[in-house]
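Undergrad: The sequence shown maps to residues 1187 to 1772 in our numbering. To start, I am sharing the structure in question, which I have written as structure tokens.
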Amino acid sequence: MDPVKPASSNAIIETLHLKFSQKPWKETMKLVRLCLDKPRMATSTAASDCPLTTCLEKMQRALNAESLSTVMNRLEFLSKQKGLNSYVGPNGTACYITSEMFYIEINLETDGNVKDVKVAHPGKSPLTCADLLQLLRARNYDAFGKILEKLLNLYQIPGSSETKMNIYIALSTLEKDLFSLSALNRLPGMDRVAEILYGKVGYLRPRTGGIPMSLEFWLSPYQILEEQLNPGQMCGMKVFLTMGVSDAKHTFPLAPLLVNPVTGDDGSRNFLPLTEVVCVDLSACFFLKFWRPFPMFLSSIHELQKLTGIPMDKLKPAPLHELIVQHALSEKCKDDLTMNSSFIVSLPDCQKHSYFIDNTSKRSDLTGAIVGQLPFLHPKCVPDMIEILRHQAAYNTLISSCTSANIEHEVVINVLSSREVGCTLHTVSDDGALNCSNDFLTKVLKRCMSVPVLMRAIFKKLTQQKVDEAMQSSEGTSEQKPKGTYQSKVSDSSGNGLQSAGASNCTEESLSETSRQASFCNSMEENGSVEPLDDSMEENISSASLQLSSDTVEETTSVSLDTSSEDNHPIDDVQASVKNTEILCE
């Protein structure tokens, strides 16, 4: 007897089409839900649930949830998919999504439009959540599902319901103290940008729905310009306030510690001692969590550990500059990067730059690690933690400015803090010094925080100086070839260096994000911060038949990071150098 051949997929689909062609969608979806609700008889049936779930999801998407019943069905399916319960209220227009620790109340119109969304946590009255309301009105169920997951993550700590409720109260108490701390140190007229850069705890955004409270602490000059042009659209570096499991038990207050705060002798706010408020011992810890893992100096991590009193385990030390480059290019370049690669940076109206960033793997003071979250226990730690992160962000921004997706003068930059950056230029030319003051370079650097943009300003100054010298020479000389070699040094207190190589060609090619920063430099030049070549100067060049040929420009630059100074913090060190630069004018 011949074995029975299994039916093909096309035959099965055709049979299902014929069977259900005359039945409405409601009956089909009801059948699928009944199959999903059946108890699992064996582990082998778990695999069969996946196709059914996928099938129901595709039907829900096809219906587009336009009526009251389809919206209810979609919410029911979504809650079940996330491991939550759901039921319809007595009036038939309210849907409740519930868990052990919270519930969501969704009120709808008879036509399926969402009227209101409220979230209730333990011991709290339901409060309207504007974010969830906006998502459901836009029928963005994928984003709504992610919010449900984040709400569940608030209570993902082993223990009883009482323990989870105490976790939520402790987190809410910390949020109140940070808000009080932010308000007490806010200066009159301080806008969002100023609060990000100078606020004690950065710019706070309250927790909404399942999105944790965020502390925004750093914006680059380019991002500041974007924020001024389009307020509220630019997002700087931030951390999220969460609470997670800890190996050891710690004491947490269940009431705010900043009640009628008193200022101490050093200007800081005095918190109530834990003995004066109700507390609870929990195997948990507060965390400042990064959206993306953040490269930090190992010495800065040790400083944070000393500040918070909590060790950070599972760190993998590595050369910091390598970590910064990988972090900067992780979303731009999919190719495998090696620290022996050079990065080609293009800017408008300027020579191309080629940067080689030494990983200095043998330098212990340039060792770093990737950090995903920072543990702490008390709100008083947060201002100092934010300041350390600002300092690190300033350093990372400068190093990242020399990277690009295109892979193929000594300048010393002082990164004293996130607000103090200095620049010094050293020339070694036998034909005269470069007319480029340190104040000018420092001003440019503070406004752009980009080494390539700083180099462009130096090149423009050099070009302008050579043109001025040529115009002052005798008119009878038919050919002039001034030669000059200069070395520029942007120094910091500890001697960190960044070696760069400037290429001569100014060819048109696709500009990287650094090129977008150059538009900021152009606006900076228009405002008088940098002196551009004007039209009359260009006409004089043309009338004197003076040409600056790209074929005659030869530049070699090397960038090395050196932190030989033992007296200074390694984060204060960035150097860049330009060597053996010859410019021939014909």
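Every residue, glycine too, gets a C-beta built ideally from N, C-alpha and C.
Quick check: what's the CA-CA separation for PHE1473 versus ILE1574?
TA: In a straight line, the C-alpha of PHE1473 is about 15 Å away from that of ILE1574.
Undergrad: Where does ARG1576 fall in DSSP's three states?
TA: Reduced to three states, the DSSP call for ARG1576 is helix.
Undergrad: Taking the alpha-carbon positions, what's the VAL1531 to ALA1591 distance?
TA: Spanning the two alpha carbons is a distance of roughly 9 Å.
Undergrad: If distances are taken between C-alpha atoms only, which option among GLN1267, HIS1307, SER1540, CYS1281 comes closest to LYS1350?
TA: Out of GLN1267, HIS1307, SER1540, CYS1281, HIS1307 has the C-alpha closest to the C-alpha of LYS1350.
Undergrad: Beta-carbon separation of LYS1304 and THR1296 under 7 Å?
TA: Not closer than 7 Å, so no.
Undergrad: Among ARG1605, VAL1597, CYS1634, whose alpha-carbon lies nearest the alpha-carbon of CYS1622?
TA: Taking only the C-alpha atoms, the option nearest CYS1622 is VAL1597.
Undergrad: How is PHE1288 classed by DSSP in three states: helix, strand or coil?
TA: Three-state DSSP puts PHE1288 in coil, outside helix and strand.
Undergrad: Using only CA atoms, which one of PHE1403, PRO1276, ALA1356, ASP1302 lies nearest to ASP1570?
TA: Residue PHE1403 is the option with its Cα nearest to ASP1570.
Undergrad: DSSP three-state label for GLU1252, please.
TA: Looking at GLU1252 - three-state DSSP - the assignment turns out to be coil, as it is neither helix nor strand.
Undergrad: Any idea what DSSP makes of ASP1467, helix, strand or coil?
TA: Looking at ASP1467 - three-state DSSP - the assignment turns out to be strand.
Undergrad: Buried or exposed: ARG1576, going by 16 or more other Cβ atoms within 10 Å of its Cβ?
TA: ARG1576 should be labelled buried.
Undergrad: Taking 8 Å as the threshold, find out whether the region 1464-1480 comes into contact with the region 1419-1427 through three or more Cβ pairs.
TA: Yes: the two stretches touch, three or more of their Cβ pairs being nearer than 8 Å.
Undergrad: Any contact between the region 1490-1501 and the region 1552-1564? By contact I mean 3 or more CB pairs, one from each, below 8 Å.
TA: Flag = yes, the region 1490-1501 and the region 1552-1564 touch.
Undergrad: Pull up the DSSP beta-bridge partners for LEU1611, would you.
TA: The partner list for LEU1611 (beta bridge, DSSP) reads VAL1597.
Undergrad: Just to confirm, are ALA1434 and VAL1464 a CB contact at a threshold of 7 Å?
TA: No, they are not a contact pair.
Undergrad: Hey, could you find the ends of the alpha helix (DSSP H) HIS1513 is sitting in?
TA: Looking at the DSSP string, the run of the alpha helix (DSSP H) that includes HIS1513 is 1506-1515.
Undergrad: What residue from SER1358, LEU1370, LEU1383 has the CA that sits closest to PRO1392's CA?
TA: Comparing Cα positions, the closest option is SER1358.
Undergrad: Identify the continuous beta strand (DSSP E) that holds PHE1365 and give its terminal residues.
TA: Unbroken run through PHE1365 is the alpha helix (DSSP H), 1347-1370; no beta strand (DSSP E).
Undergrad: Report the residue from ALA1369, SER1265, VAL1300, ASP1302 whose alpha carbon sits nearest the alpha carbon of THR1284.
TA: For the residues ALA1369, SER1265, VAL1300, ASP1302, the minimum Cα distance to THR1284 belongs to SER1265.
Undergrad: Under three-state DSSP, which class holds HIS1436?
TA: Strand, per DSSP.
Undergrad: Take ILE1199 and list the residues in its own chain whose beta-carbon comes closer than 7 Å to its own, dropping the five residues that flank it on each side.
TA: Same-chain partners within the cutoff: there are none.
Undergrad: Do LEU1294 and THR1180 come within 7 Å of each other at the CB atom, strictly closer than that value?
TA: Given a span of 1187 to 1772 for the chain in the structure shown, any question on residue 1180 remains unanswerable.
Undergrad: Tell me whether the region 1600-1608 and the region 1653-1660 touch, counting them as touching only if at least three CB pairs, one residue from each stretch, are closer than 8 Å.
TA: Taking 8 Å as the limit for Cβ pairs, the verdict is that the region 1653-1660 does not touch the region 1600-1608.
Undergrad: Where does ASN1446 sit, in a helix, a strand or coil, going by DSSP?
TA: Of the three classes helix, strand and coil, the one that applies to ASN1446 here is coil, per DSSP.
Undergrad: Are at least three pairs of beta-carbons, each pair with one atom in the region 1332-1349 and one in the region 1378-1398, less than 8 Å apart?
TA: Yes, the region 1332-1349 is in contact with the region 1378-1398.
Undergrad: Does the Cβ of LEU1490 have 16 or more other Cβ atoms within 10 Å, making it buried, or fewer, making it exposed?
TA: Counting Cβ neighbours within 10 Å, LEU1490 comes out buried, since at least 16 surround it.
Undergrad: Compare the Cα-Cα distances from MET1498 to each of ALA1197, LEU1270, VAL1557 and report the closest residue.
TA: Ranking the options by Cα distance to MET1498, first place goes to VAL1557.
Undergrad: Alpha carbon to alpha carbon, how far is TYR1408 from ARG1633? Give it in angstroms, no decimals.
TA: So the two alpha carbons sit approximately 8 Å from each other.
Undergrad: When you compare the CB positions of LEU1501 and ALA1555, do they come within less than 7 Å of one another, or not?
TA: For LEU1501 and ALA1555, yes; Cβs fall inside 7 Å.
Undergrad: From which residue to which residue does the beta strand (DSSP E) around GLN1342 run?
TA: Looking at the DSSP string, GLN1342 is not in any beta strand (DSSP E), and its letter there is neither H nor E.
Undergrad: Do the CB positions of MET1635 and THR1583 come within less than 7 Å of each other?
TA: Yes; because the gap between Cβ atoms is below 7 Å, this pair is in contact.
Undergrad: I'd like the span of the alpha helix (DSSP H) that includes SER1486, first residue to last.
TA: Here the alpha helix (DSSP H) through SER1486 covers 1484-1494.
Undergrad: Going by the beta-carbon positions, is the gap between ILE1382 and LEU1405 smaller than 7 Å?
TA: Cβ distance < 7 Å, so ILE1382 and LEU1405 count as in contact.
Undergrad: Taking VAL1431 as the reference, give the member of ALA1580, VAL1568, GLN1559, LYS1301 with the closest Cα.
TA: For VAL1431, the nearest C-alpha among the options comes from GLN1559.
Undergrad: Taking the C-alpha atoms as reference points, what is the distance between ARG1323 and GLU1291?
TA: Each residue's alpha carbon lies about 14 Å from the other.
Undergrad: Within this structure, are the beta carbons of VAL1568 and VAL1445 separated by less than 7 Å?
TA: The answer is no: Cβ separation not under 7 Å.
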